[in-house]
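Student:
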Amino acid sequence: MANTETPSLPDGQRSRCGYWWQRLLLQEGEAMSGSRKYISISVPDKPDSMSPHIKSAEELRVIGLNLSDFSRTVQFLICVSGVFIFYLIYGYLQELIFSVEGFKPFGWYLTLVQFAFYSTFGLIEQQLTQDKRRRIPWKTYMLIAFLTVATMGLSNTSLGYLNYPTQVIFKCCKLIPVMVGGVFIQGKRYNIIDVSAALCMSLGLIWFTLADSKVAPNFNLTGIAFISMALCADAVIGNVQEKAMKLHNGSNSEMVLYSYSIGFLYILTGLFCTQGLGPAFVFCSRHPMQTYGYAFMFSLTGYFGISFVLALIKLFGALVAVTVTTGRKAMTIGLSFFFFAKPFTFHYLWSGLVVLLGIFLNIYSKNRDKIKLLSPLDLWNVIKKKQIRSMSQTV
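FYI, in the numbering used here the residues of the sequence shown are 3 to 397.
1) Is it true that the region 96-114 meets the region 152-172, where meeting means three or more beta-carbon pairs spaced less than 8 Å apart?
2) Counting only runs that start and end within the region 263-326, where is the alpha helix (DSSP H) found for 4 or more residues in a row?
3) Does DSSP classify L130 as helix, strand or coil?
4) At which residues does the alpha helix (DSSP H) containing G406 begin and terminate?
5) Would you report the Cα separation of W352 and A343, rounded to the nearest angstrom?
6) Alpha carbons only, please: which of P107, S255 and C81 is nearest the one belonging to L273?
7) Could you tell me the distance, in whole angstroms, from the CA atom of R136 to the CA atom of F148?
8) With DSSP as the reference, label L156 as helix, strand or coil.
9) Could you give the distance in angstroms between the alpha-carbon of M181 and the alpha-carbon of A235?
10) Can you give the Cα-Cα distance for L270 and I195, rounded to whole angstroms?
11) Spell out the partners DSSP gives R63 in its beta bridges.
12) Can at least three beta-carbon pairs, one atom from the region 273-283 and one from the region 78-94, be found at a separation below 8 Å?
13) Among L69, W209, F78 and A323, which has the Cα closest to the Cα of A237?
14) Could you give the first and the last residue of the continuous alpha helix (DSSP H) run that contains L233?
15) Quick one: what's got a C-beta closer than 8 Å to F298's C-beta in the same chain, skipping five residues either side?
16) Which one of S215, F123, E127 and Q116 has the shortest CA to CA distance from T150?
17) Suppose contacts are defined by Cβ-Cβ distances below 8 Å. Is V217 in contact with P345 by that definition?
18) So F172 is in the alpha helix (DSSP H); what residue range does that whole segment cover?
19) Report the three-state DSSP secondary structure of K48 (helix, strand or coil).
20) List the whole-angstrom C-beta distance separating G252 from A320, where the pair is believed to meet the contact cut-off of C-beta under 8 Å.
21) In this structure, how does DSSP classify T142 when only helix, strand and coil are distinguished?
22) Anyone know if the C-beta pair for W140 and V356 falls short of 8 Å?
23) Which value, in whole angstroms, describes the spacing of the CA atoms of K134 and Q128?
Below, the structure is given as structure tokens:
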């Protein structure tokens, strides 16, 4: 015969542990041998014992706003609006700082000040959150910090050799490197529409660059080398950030705090070794408002902007984030012509339309189930039907 016993824990022990234990004891007797078999299974069941690491995936906060309370469409609109608003101000202030006479050689020092502000902002934001633990490993942060330094430092330094629209145009060409990085780093596969979108955007931006070289030639091989290296680093960093945040479920404030703090140490060490810290400090001390004052607002808007970019990466992926930031850069170029006097040619307009075509193709690729476009065969059938209808009406 088989006896089944279901012992239970005392009430006091259950209350101390905070969760229920279910224990099943199966006892089977065998008349021939008299042997018994015991199988013990313990199943913890406590909804409150869920790890904070998992619970944090349910919430995504950007500068205090919980995006988890909104639908996916509203989340996308909020992130895009934040990227455009803050980065348009960021671009204006960046060009304004480098318009200060004598400041162009100090791009790395501006990046150092910018990283210091970013680290401070990230620390303040993390102190306002409940979970302050670091989830992403130090090794990953050291790589992200290096890529961030290369992206922002080389980009800022290139403005000492290139005009602002040309610099922005080069930065917009990172869509193809992002796709290549997505294939090699995350094993992603992109369809023909995504590839066509990247080609259209890149060709349009190259066209813009050629037009700019004819109207206002201000090219420098050093500046081109700097912005090209920044472009490669920027293409990799989005994929690395996306992979790290999804794998370890890190927060935006954690990513900003640790990556920019480590990056600050990188730049400080580099400036100290190259003796570039002293001259930059002396120059900025003579123009505190035009340097540190602008740099504070420049860093504040950039910090808010990068928070929305990280949210875009975490919610929609690196390719969508790059597409949005590329559209923002196109608008930044227009505002640059509006606020700062520059020559104009209609080649800017045509090349901009090619870029817009690439952006449309990318959006269509992500929403093909919602956007219905006629195939060439369907379009031909529609034209034939209209011709037949017209002929019948004529007869």
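We treat Cβ as the ideally placed atom computed from N, Cα and C, and that holds for glycine.
Tutor: By the coordinates alone:
1) yes
2) 279-288 and 296-318
3) In the structure shown, L130 sits in coil (DSSP, three-state: anything other than H, G, I, E or B).
4) Outside the modelled stretch of the chain, which goes from 3 to 397, sits residue 406, for which no answer is possible.
5) 21 Å
6) P107
7) 19 Å
8) helix
9) 13 Å
10) 43 Å
11) N68
12) As far as the Cβ criterion goes, the region 273-283 does not touch the region 78-94, which means the pair count is below three.
13) A323
14) L223 to H250
15) Same-chain partners within the cutoff: F119.
16) Q116
17) yes
18) Y166 to C174
19) Confidence at K48 is low in this model, with a pLDDT of 40, below 50, so its placement is unreliable and no value can be given for it.
20) Actually they are not in contact, since the Cβ atoms of G252 and A320 sit about 15 Å apart, beyond 8 Å.
21) helix
22) W140 places its beta carbon 8 Å or farther from that of V356.
23) 6 Å
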